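K.L.:
Here the numbering used here runs 4 ahead of the position in the sequence shown, where the first position is 1.
Just so you know, even glycine gets a beta-carbon here, dropped at the ideal spot from N, CA and C.
Quick caveat, the model's predicted, so the values are computed rather than measured.
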Amino acid sequence: MSGWQKVKDFAGWENEHKNEGVARLLDSKVKKKTIVTIGTMRAGKTTHLAGLGATAQYKASDTAKSERRFRFIVKEGESNLLDDIAELRFGHFPEATKVVSNTTVKPAYVFEWEDPTFLSNRFNVVRQADMPVIDYAGEQLVQLMTQVRKAKTLEQASAIQNTDQLTVTVNQASALLIIINAARAEGLPIFEPEPQIKGMSRHPDVNCQRMLGPIIEYKHNNRQWSPPLERIGLVVTACDLLWPIAKTISNFTGRPFDPIPENGDPKISNASLDSFMKAFFPGTHSLIASLNIDVQYFPSYFELERDAKGTVQYWDEEKREPKIKRGNIFDSPDWEHNVNRPKYTEYWFNREIEWLKDFAIRV
């Protein structure tokens, strides 16, 4: 069919396109791949996701008039993802995920890339990375995963109370984004023990294994209908705690540990964070390494507000809620990019988005 016809674009507005039949051959279907985000207890999952959301919003605005557009969609479900992003910009760390009785509407991030083809930017290719967020508190998730491990089939797993979201998203996923807190590295001077909750191990590495083990086992045993895991991303939050003790870490790992230099140049190798995981989360590392798939590490932290003496400033001294350092509108002529912009590892958040794109477009 030729001629002009009205079609709806991404935002729902009606536009007119000529030769729609030809366009549909190239742009009629958005190809989507699924990556599931999971986090250990008090790992900073909520804060990291808020930072990823803020970074994606900045990127979407910056590419709005580009031929290679990036779009970011937040599906809050029954969560507070948008409020978490706003809190971060206001200088507050978002509240940790609370234990819930049920989640019927699943939260998710959707990242979409639109790239022109060789025919022109009239015929674009669209790819999506769909990121469901398993919105359980870490302690609740570990307990649920223990129950899922005992199930023999997807139907049995889904029948367990509160695991419908878990089993469906894991069944669809072909990648995992795992979030681990650097302060859970048992044996380092920065170590903070996990809270003692019934059914939980006092060893962070054990809880990580109990979270990941059933997922890997399920994927392995159900390859006929569940897509295999193609890659894993591993975020190490509170990574700034590692820089002052880099030499200590090197002594543990037996390898050089290259933290971010003092000049702010964001260089830290994948190998360094891999050796960190191998030393302090050996069981978790063995699970991931045994898959023989691509693993990419992402350091993550937020800079804290300090006074002239270097003392951390708090919103509430009693609750010990630290202030996140934010941009000032007078810092640069490009002030619209610097209003309430948190100071954080934005470089690595952008690297994470590019990693998601590479995952989304890979056939």
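In whole angstroms, what separates the C-alpha of N2 from that of E340?
P.N.:
Here the chain covers residues 5 to 367 and nothing more, so residue 2 does not appear.
K.L.:
Using 8 Å for Cβ pairs, my map puts Y348 next to E307. What's the rounded Cβ distance?
P.N.:
As a working mapping, residue 348 is identified with position 344 in the sequence shown. As a working mapping, residue 307 is identified with position 303 in the sequence shown. Right, their Cβ atoms sit about 6 Å apart.
K.L.:
Exposed or buried, what is F353 when buried is set at 16 or more other beta-carbons lying within 10 Å of its beta-carbon?
P.N.:
Sequence index remark: in the sequence shown, residue 353 carries index 349 (1-based). Buried, by the Cβ-count rule.
K.L.:
Could you tell me whether the region 55 to 68 touches the region 195 to 207, using the rule of 3 or more Cβ pairs below 8 Å?
P.N.:
The region 195 to 207 and the region 55 to 68 do not touch, with fewer than three beta-carbon pairs separated by less than 8 Å.
K.L.:
For T59, collect the residues of the same chain with a Cβ closer than 7 Å to its Cβ; drop the 5 residues on either side in sequence, then sort them by chain order.
P.N.:
Position 55 of the sequence shown holds residue 59. So the qualifying residues of the chain are E350, F353, N354 and I357.
K.L.:
Nearest CA to the CA of W229: which residue from K361, N175, P136 and Y318?
P.N.:
Along the sequence shown, one-based indexing puts residue 229 at 225. Of K361, N175, P136 and Y318, the smallest CA-CA separation from W229 is found for N175.
K.L.:
With a threshold of 16 other CB atoms inside 10 Å of the CB of R366, please say whether the residue is buried or exposed.
P.N.:
The residue given as residue 366 occupies position 362 in the sequence shown. Counting Cβ neighbours within 10 Å, R366 comes out exposed, since fewer than 16 surround it.
K.L.:
Cα-Cα, which of S304, F115 and N296 is closest to P232?
P.N.:
Stepping through the sequence shown from its first residue, residue 232 is reached at position 228. Comparing alpha-carbon positions, the option among S304, F115 and N296 lying closest to P232 turns out to be N296.
K.L.:
Tell me which residues share the same chain as K33 and place their Cβ nearer than 7 Å to its Cβ, disregarding the 5 neighbours each side in the sequence.
P.N.:
Walking along the sequence shown from the start, residue 33 turns up at place 29. With a pLDDT of 46 at K33, under the threshold of 50, the predicted position of this residue should be treated as unreliable, though the coordinate-derived value follows. Nothing meets the Cβ criterion.
K.L.:
List the whole-angstrom C-beta distance separating H52 from S304, where the pair is believed to meet the contact cut-off of C-beta under 8 Å.
P.N.:
By one-based count along the sequence shown, residue 52 stands at place 48. By one-based count along the sequence shown, residue 304 stands at place 300. That pair is a contact at about 5 Å.
K.L.:
Are the CB atoms of I328 and V240 within a distance shorter than 8 Å?
P.N.:
Along the sequence shown, read from residue 1 onward, the residue named residue 240 stands at position 236. Along the sequence shown, read from residue 1 onward, the residue named residue 328 stands at position 324. No. Outside cutoff.
K.L.:
To test your reading of the DSSP string, which unbroken beta strand (DSSP E) runs of 3 or more residues are found completely within the region 187 to 265?
P.N.:
235 to 241
K.L.:
Taking G48 as the reference, which of A100, V343, G191 and F363 has the closest Cα?
P.N.:
Sequence index remark: in the sequence shown, residue 48 carries index 44 (1-based). For the residues A100, V343, G191 and F363, the minimum Cα distance to G48 belongs to A100.
K.L.:
Taking the straight line between their C-alpha atoms, what separation do you get for D338 and P346?
P.N.:
Residue mapping note: residue 338 aligns to position 334 of the sequence shown, counting from 1. Residue mapping note: residue 346 aligns to position 342 of the sequence shown, counting from 1. Rounded to whole angstroms, D338 to P346 spans 15 Å at the Cα level.
K.L.:
From the DSSP secondary-structure annotation, give me the bridge partner or partners of F306.
P.N.:
Translated into the one-based positions of the sequence shown, residue 306 becomes position 302. DSSP lists Y348 as partners of F306.
K.L.:
Bridge partners of T50, per DSSP?
P.N.:
For the purposes of this step, residue 50 is taken as residue 46 along the sequence shown, with counting starting at 1. Answer is none; T50 lacks a bridge partner.
K.L.:
Distance check for L291 and V137, CA to CA, integer angstroms please.
P.N.:
What you label residue 137 is simply residue 133 of the sequence shown in a count that begins at 1. What you label residue 291 is simply residue 287 of the sequence shown in a count that begins at 1. Distance between the alpha carbons of V137 and L291: 22 Å.
K.L.:
Would you tell me roughly how many angstroms separate the C-alpha atoms of F115 and I249, rounded to the nearest one?
P.N.:
Against the sequence shown, residue 115 aligns to sequence position 111. Against the sequence shown, residue 249 aligns to sequence position 245. A straight-line Cα-Cα distance of about 36 Å links F115 and I249.
K.L.:
For L181, tell me which candidate among N84, A293, G314 and G237 has the shortest Cα-Cα distance.
P.N.:
Start at 1 with the first residue of the sequence shown, and residue 181 comes out as number 177. Ranking N84, A293, G314 and G237 by Cα distance to L181 puts G237 first.
K.L.:
Rounded to whole angstroms, what is the Cα-Cα separation between I89 and A364?
P.N.:
Numbered from its first residue, the sequence shown carries residue 89 at position 85. Numbered from its first residue, the sequence shown carries residue 364 at position 360. The alpha-carbon atoms of I89 and A364 are separated by roughly 24 Å.
K.L.:
Taking 8 Å as the threshold (C-beta atoms), are T252 and P193 in contact?
P.N.:
Taking the sequence shown and counting its residues from 1, the one referred to as residue 193 is at position 189. Taking the sequence shown and counting its residues from 1, the one referred to as residue 252 is at position 248. It is a contact, given that the beta carbons lie within the stated cut-off.
K.L.:
What separation, rounded to the nearest whole angstrom, lies between the Cα atoms of S70 and F195?
P.N.:
Counting from 1 along the sequence shown, the entry for residue 70 is found at position 66. Counting from 1 along the sequence shown, the entry for residue 195 is found at position 191. The straight-line gap from Cα to Cα measures roughly 45 Å.
K.L.:
Helix, strand or coil: which one does DSSP assign to Q61?
P.N.:
Position 57 of the sequence shown holds residue 61. The answer is helix: DSSP assigns Q61 an H, G or I state.
K.L.:
Quick one: grab the DSSP three-state call for K282.
P.N.:
Here the question's residue 282 lines up with position 278 in the sequence shown. If DSSP states are grouped into helix, strand and coil, K282 belongs with the helices.
K.L.:
Assuming the contact rule is C-beta atoms closer than 8 Å, P263 and S254 should be a hit. Round their C-beta distance to whole Å, please.
P.N.:
Here residue 263 corresponds to residue number 259 of the sequence shown, with the count starting at 1. Here residue 254 corresponds to residue number 250 of the sequence shown, with the count starting at 1. Contact between P263 and S254 does not hold, since the beta-carbon distance rounds to 10 Å and is not under 8 Å.
K.L.:
Below 6 Å CB to CB, which residues in the same chain sit around I77 once its five sequence neighbours on both sides are set aside?
P.N.:
Along the sequence shown, read from residue 1 onward, the residue named residue 77 stands at position 73. Closer than 6 Å at the Cβ level, and outside the excluded window around I77, lie V114.
K.L.:
A186 to E234, Cα distance in whole Å?
P.N.:
Taking the first residue of the sequence shown as position 1, residue 186 is located at position 182. Taking the first residue of the sequence shown as position 1, residue 234 is located at position 230. Rounded to whole angstroms, A186 to E234 spans 25 Å at the Cα level.
K.L.:
Within this structure, are the beta carbons of G256 and A293 separated by less than 8 Å?
P.N.:
The residue you call residue 256 lines up with position 252 of the sequence shown. The residue you call residue 293 lines up with position 289 of the sequence shown. Sequence inspection shows Phe at residue 256; the Gly mentioned does not correspond to that position. Contact: no.
K.L.:
Note down, in chain order, each residue of its chain lying with its Cβ closer than 8 Å to the Cβ of Q61, except the 5 sequence neighbours on either side.
P.N.:
Stepping through the sequence shown from its first residue, residue 61 is reached at position 57. Counting only residues of its own chain and dropping the five nearest sequence neighbours on each side, Q61 has a CB closer than 8 Å to the CB of F76 and I89.
K.L.:
List the endpoints of the continuous beta strand (DSSP E) containing A179.
P.N.:
Taking the sequence shown and counting its residues from 1, one reaches residue 179 at position 175. A179 to N185 is the extent of the beta strand (DSSP E) around A179.
K.L.:
Judging by CA-CA distance, which residue of G314, G55, L246 and G81 is the nearest neighbour of R188?
P.N.:
By one-based count along the sequence shown, residue 188 stands at place 184. Ranking G314, G55, L246 and G81 by Cα distance to R188 puts L246 first.
K.L.:
To the nearest angstrom, report how far apart E118 and L85 are at their CA atoms.
P.N.:
The sequence position of residue 118 within the sequence shown is 114, counting from 1. The sequence position of residue 85 within the sequence shown is 81, counting from 1. In this structure, the straight-line span from the alpha carbon of E118 to that of L85 is close to 24 Å.
K.L.:
If you reduce the DSSP assignment to three classes, tell me which class D311 lands in.
P.N.:
On the sequence shown, position 307 is the one that residue 311 refers to. In the structure shown, the three-state DSSP call for D311 is coil.
K.L.:
Measure the alpha-carbon distance for L216 versus F74 and round it to whole angstroms.
P.N.:
Taking the first residue of the sequence shown as position 1, residue 216 is located at position 212. Taking the first residue of the sequence shown as position 1, residue 74 is located at position 70. Spanning the two alpha carbons is a distance of roughly 31 Å.
K.L.:
Are the CB atoms of Y301 and N344 nearer to each other than 8 Å?
P.N.:
In the sequence shown, residue 301 corresponds to position 297, counting from 1. In the sequence shown, residue 344 corresponds to position 340, counting from 1. Not in contact: Y301 and N344 (Cβ atoms no closer than 8 Å).
K.L.:
What are the boundary residues of the alpha helix (DSSP H) that includes I89?
P.N.:
Residue numbering aside, residue 89 sits at position 85 when the sequence shown is read from its first letter. Looking at the DSSP string, the run of the alpha helix (DSSP H) that includes I89 is L85 to R93.
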